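Going letter by letter, the sequence shown gives residues 1282 to 1553 in my numbering. In what follows, a single structure is set out as structure tokens and then discussed.
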Amino acid sequence: MEYLTIGNIKIKKTAALAPMAGVADTAYRTAAKRFGAAYVVGEMVSIKGLAYSDRKSAELLTITDAERPAAVQLFGCEPEFVPAAVEIAERYKPDIIDFNAGCPVPKVAGNGSGSALMKEPKLFGEMVAAIVKAAHVPVTVKIRAGWDAEHINACETAHIAEECGAAAVAVHGRTRTQMYTGKADREIIARVKQTVRIPVTLDERLGVMREQIELLVRCKGEFTGMKEARAQAAFYLKGMTGAARYRGMCGRLSDLKGLYDLIDLIKAENGE
Ligand SMILES: Cc1cc2nc3c(=O)[nH]c(=O)nc-3n(C[C@H](O)[C@H](O)[C@H](O)COP(=O)(O)O)c2cc1C
């Protein structure tokens, strides 16, 4: 079984349940888990509401053991409320705290939270940094492709999240203007993956690289396949910490054993 690693949390690479306010309550999440979801995210909860000890918000944070690994999701745009809110959220023992910077509904985005933060990179970074500072578990961030078709900035936003300490980023491949209609843009998700170095891409990226090169060798033989694999492997490693040294090693690959050794080395050096 392959795993995705977020911070210190290992998640089976099958399927995850996306957060859905008003839908994905504990019963729904438990059912999703029973039918194979490896990871679930709770309904979004207001940071400000929590800081004021809003009892209803707190109820939304309850996670049963059957759901784990599971995240709670917070939204808000006022960093000063973050420490108190995170302290309350962590009483429910989430494995991960996810920050919502993608919600399009007027009640949320109209108040500067959710997807509105994609227009405010400084405040977005402050929120992520404040949550990371207050939390004792890995923090992930959910973003959209951008505010509208003229402002596609998922890559820049993901990069800020990474710089501010997020352990992973999830991308809803629609703009705020699209709300939930139209086709989600998978291309922007791929572009974000190439932009950030955080572990959510690492294990998956190395797995895909290995599969592709094994196939290449099956099709063209080890000698020619591995020659062609050098440039392709280097492409997969673009942007990650230590990429220049790893790319040098790619240039000398001559057999699959060398590829497996390189993958092991990258994983060992990147805490996988
Ligand atoms: C009813 C509903 C509620 C949602 N609530 C949330 C939410 O609270 N937080 C969040 O990050 N995304 C929320 N989303 C977005 C989903 O998590 C997901 O990113 C989106 O539906 C895109 O997935 P798709 O391409 O499979 O449609 C919601 C989506 C739906 C349909």
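Positions of the beta carbon are idealized from the N, C-alpha and C atoms, including for glycine. This one's a predicted model, so the numbers in the text were calculated from it and none came from an experiment.
Item	Value
Check: Arg1455 C-beta below 8 Å from any heavy atom of ligand 1	yes
Close-in-space but distant-in-sequence residues of the same chain around Gly1406 (CB under 6 Å, 5 per side omitted)	Ile1441, Cys1445
Same chain only: Cβ atoms within 7 Å of Ala1313, ignoring 5 sequence neighbours per side	Leu1298, Val1321
Terminal residues of the beta strand (DSSP E) in which Asp1379 lies	1377-1382
Integer Cβ distance of Thr1307 from Thr1345, believed to fall under 8 Å	6 Å
Any non-hydrogen atom of ligand 1 within 8 Å of Asn1381 CB	yes
Proximity to Arg1310 [Cα-Cα], best of Leu1341, Tyr1333, Gln1493	Leu1341
Cβ pair count under 8 Å reaching 3, the stretch 1461-1478 against the stretch 1498-1505	no
Simplified DSSP assignment, three categories, for Ile1544	helix
Cβ-heavy atom distance, Pro1300 to ligand 1, below 8 Å	yes
Cβ-Cβ distance between Gly1395 and Glu1401 below 9 Å	no
For Tyr1309, the first and last residue of its enclosing alpha helix (DSSP H)	1307-1315
Candidates Asn1434, Leu1543, Val1353: closest to Ile1224 by CA position	Residue 1224 lies beyond the residue range present for the chain, which begins at 1282 and ends at 1553; the question has no answer from this structure.
Entirely enclosed beta strand (DSSP E) segments - the stretch 1342-1411, minimum 3 residues	1351-1356, 1377-1382
beta-carbon Met1325 near ligand 3 non-hydrogen atom, thresh 8 Å	With respect to ligand 3, the structure offers nothing, as its ligand set consists of ligand 1.
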